[in-house]
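Undergrad:
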Amino acid sequence: MNKPVPANQHLRNVARLTFGNAASLIYLGVVAATAVFVTVDTLFVAHEDASFSGVWLFFLAAPTVFLFLLGTAMWGADAAGPDWYMYLALVVSVLVQSFVLGWFVRLLRGGAGRTRPAHPQGA
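Its first residue numbered 15, the sequence shown is counted upward by one per residue in the numbering used here.
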């Protein structure tokens, strides 16, 4: 009979898939560098027209960020939603994609089904 897995083990597995592999860390590093670039460009660089540097963050968070953008309908057809919602959508989208990337790497390495030892204990 299988013993239930404690909740903290599930959290560790999610964290390991999201932050504990090279592919996810590279992705998160690219997103962080882009966020720094967008912040510097927005705050310290004068533009005659609007800057489109923030679009790069949406490209990196695509396609999951578009699911959150559908949620902007809560604020009406004319409103894009509050700023906090857009920032939250970007952060959650990036974390979801980092998790999926980690899961995909584990799947490619053949570790998706290894939850139990190959031989029963004491056999």
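Ideal Cβ placement from N, Cα and C applies to all residues, glycine included.
Alpha helix (DSSP H) containing N27: first to last residue?
TA: Translated into positions along the sequence shown, residue 27 becomes position 13. Where N27 is concerned, the enclosing alpha helix (DSSP H) stretches over A21 to F33.
Undergrad: If I measure Cβ to Cβ from G68 and keep anything under 8 Å in the same chain, skipping five residues before and after, which residues do I get?
TA: Here residue 68 refers to the residue found at position 54 of the sequence shown. Hits under 8 Å: V52 and T56.
Undergrad: State yes or no: is the C-beta of A45 within less than 9 Å of the C-beta of F113?
TA: What you label residue 45 is simply residue 31 of the sequence shown in a count that begins at 1. What you label residue 113 is simply residue 99 of the sequence shown in a count that begins at 1. As written in the sequence, residue 45 is Val, which differs from the Ala given in the question. Between V45 and F113, the C-beta spacing is not below 9 Å.
Undergrad: On the CB-based measure, 16 or more other CB atoms within 10 Å of its CB, does A60 come out buried or exposed?
TA: By 1-based counting over the sequence shown, the position of residue 60 is 46. An exposed status is given to A60, since fewer than 16 other beta-carbon atoms sit within 10 Å of its beta-carbon.
Undergrad: Run the CB neighbour count on A21, radius 10 Å, all protein chains shown included, and call it buried at 16 or more, exposed below.
TA: On the sequence shown, position 7 is the one that residue 21 refers to. Per the 10 Å Cβ criterion, exposed.
Undergrad: Leaving out the 5 sequence neighbours to the left and right, which residues in its chain are closer than 7 Å to S38 when beta-carbon positions are compared?
TA: Translated into positions along the sequence shown, residue 38 becomes position 24. These residues qualify, in order along the chain: T32, S112, L115 and G116.
Undergrad: Taking all protein chains shown into account, decide if S65 is buried (16 or more other Cβ within 10 angstroms of its Cβ) or exposed.
TA: Position 51 of the sequence shown, counted from the first residue, corresponds to residue 65. When all chains shown are included, S65 counts as exposed.
Undergrad: What does a CB cutoff of less than 7 Å around T48 pick up in its chain, not counting 5 residues either side in sequence?
TA: The residue labelled residue 48 in the question sits at position 34 within the sequence shown. Counting only Cβ-Cβ distances below 7 Å, and skipping sequence neighbours, we find W70, L71 and L74.
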